[in-house]
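Numbering (full-length UniProt numbering), first residue to last: 1 to 158.
Note that the Cβ used here is the ideal one computed from N, Cα and C, for glycine as well.
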Amino acid sequence: MDPFPLNSPGFVNLLTSQTTQPIEIGSSEVPKPPERRKWTTKEDLVLISAWLNTSKDPITSNEQKLGAFWKRIEEYLNASPLLVGSIPREWSQCKQRWGRVNEQVCKFVGCHEAALKEQASGHNENDVMKVAHDIFFNDYKSKFILEHCWRELRFDQK
1 MDPFPLNSPG
11 FVNLLTSQTT
21 QPIEIGSSEV
31 PKPPERRKWT
41 TKEDLVLISA
51 WLNTSKDPIT
61 SNEQKLGAFW
71 KRIEEYLNAS
81 PLLVGSIPRE
91 WSQCKQRWGR
101 VNEQVCKFVG
111 CHEAALKEQA
121 SGHNENDVMK
131 VAHDIFFNDY
141 KSKFILEHCW
151 RELRFDQK
């Protein structure tokens, strides 16, 4: 005799129970995470300016805590007249974007230096840039899309 007969009143077929009877978990909606927004060229340039000005501030320089540092960058970015009408960014977004910009620009610096070493007589800066982009693509399997950031940072020591 089967201890769990299929026709018993307490039997629930788990393979079909969810498809025949939807389970409601309540009427409240689950909050959506904030929508991801791409950074504009203007935002990138203001972020770079904010980072450079904040990191080189002789009054606070390296005496500031990490949270205070990024909070100052957030305030600088969101107060910029170049970004009037833009949705404000949070310090964590600034920190994350800076990490990406810094990583990619540092990689491109190496590619540009390699391209300069390969520079043939008669090649100009446009030729060097094309070779640098080719090296970046070959090394990292993606296009370098932050040239505007590199141009802003290329002569800065940091």
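#1: At what residue ranges does the UniProt domain "Myb-like" (36-102) contain a whole run of the alpha helix (DSSP H), taking only runs of 4 or more?
#2: Counting only the same chain and skipping the five closest in sequence on each side, list residues whose C-beta sits under 8 Å from that of cysteine 111.
#3: Under a three-way DSSP split, which group does aspartate 134 fall into?
#4: Taking buried to mean at least 16 other C-beta atoms within 10 Å of its own C-beta, is valine 105 buried or exposed?
#5: Classify threonine 19 as buried or exposed, calling it buried when 16 or more other Cβ atoms lie within 10 Å of its own Cβ.
#6: Measuring straight from C-alpha to C-alpha, what distance separates aspartate 127 and alanine 114?
#7: Quick one: is phenylalanine 155 buried, meaning 16 or more other Cβ sit within 10 Å of its Cβ, or exposed?
#8: By the DSSP assignment, the alpha helix (DSSP H) with histidine 148 in it spans what residues?
#9: Let me make sure I understand the geometry here. Which of Val84, Leu82 and Arg89 has the alpha-carbon closest to that of arginine 72?
#10: Can you tell me whether glutamine 18 is helix, strand or coil according to DSSP?
#11: For histidine 112, which of helix, strand or coil comes out of DSSP?
#12: Quick check on this structure: which residue in Cys149, His148, Phe108 and Trp150 has the alpha carbon closest to the alpha carbon of lysine 141?
#13: Is the CB-CB distance between tryptophan 70 and lysine 42 below 7 Å?
If we stick to the structure as given:
#1: Within the UniProt domain "Myb-like" (36-102), the complete alpha helix (DSSP H) runs of at least 4 residues are 41-55 and 66-79.
#2: Within the sequence shown, the letter at position 111 stands for residue 111. So the qualifying residues of the chain are Ala132, His133, Ile135, Phe136, Asp139 and Phe144.
#3: Stepping through the sequence shown from its first residue, residue 134 is reached at position 134. It is helical.
#4: The sequence position of residue 105 within the sequence shown is 105, counting from 1. Per the 10 Å Cβ criterion, buried.
#5: Residue 19 sits at position 19 when you count from the first residue of the sequence shown. With a pLDDT of only 46 at threonine 19, under the threshold of 50, the placement of this residue in the model should not be trusted; the figure read from the coordinates follows. Around the beta-carbon of threonine 19, fewer than 16 other beta-carbon atoms lie within 10 Å, marking it exposed.
#6: For the purposes of this step, residue 127 is taken as the residue at position 127 of the sequence shown. For the purposes of this step, residue 114 is taken as the residue at position 114 of the sequence shown. Their backbone Cα atoms lie some 13 Å apart in a straight line.
#7: Indexing the sequence shown from 1 puts residue 155 at position 155. Answer is exposed; the Cβ neighbour count stays below 16.
#8: Locating residue 148 in the sequence shown gives position 148, counting from the first residue. Boundaries of the alpha helix (DSSP H) around histidine 148: 147-153.
#9: For the purposes of this step, residue 72 is taken as the residue at position 72 of the sequence shown. Arg89 is the residue among Val84, Leu82 and Arg89 whose C-alpha sits nearest the C-alpha of arginine 72.
#10: Along the sequence shown, one-based indexing puts residue 18 at 18. With a pLDDT of 46 at glutamine 18, under the threshold of 50, the modelled position of this residue cannot be trusted; read the value that follows with caution. Helix at glutamine 18.
#11: As a first step, residue 112 must be located in the sequence shown, where it is residue number 112. In the displayed model, histidine 112 falls within a helix according to three-state DSSP.
#12: For this step, residue 141 is matched to residue 141 along the sequence shown. Distance check between lysine 141 and each of Cys149, His148, Phe108 and Trp150 places Phe108 closest, using alpha-carbon atoms only.
#13: In the sequence shown, residue 70 corresponds to position 70, counting from 1. In the sequence shown, residue 42 corresponds to position 42, counting from 1. Their beta carbons are not under 7 Å apart, which means tryptophan 70 does not touch lysine 42 by this criterion.
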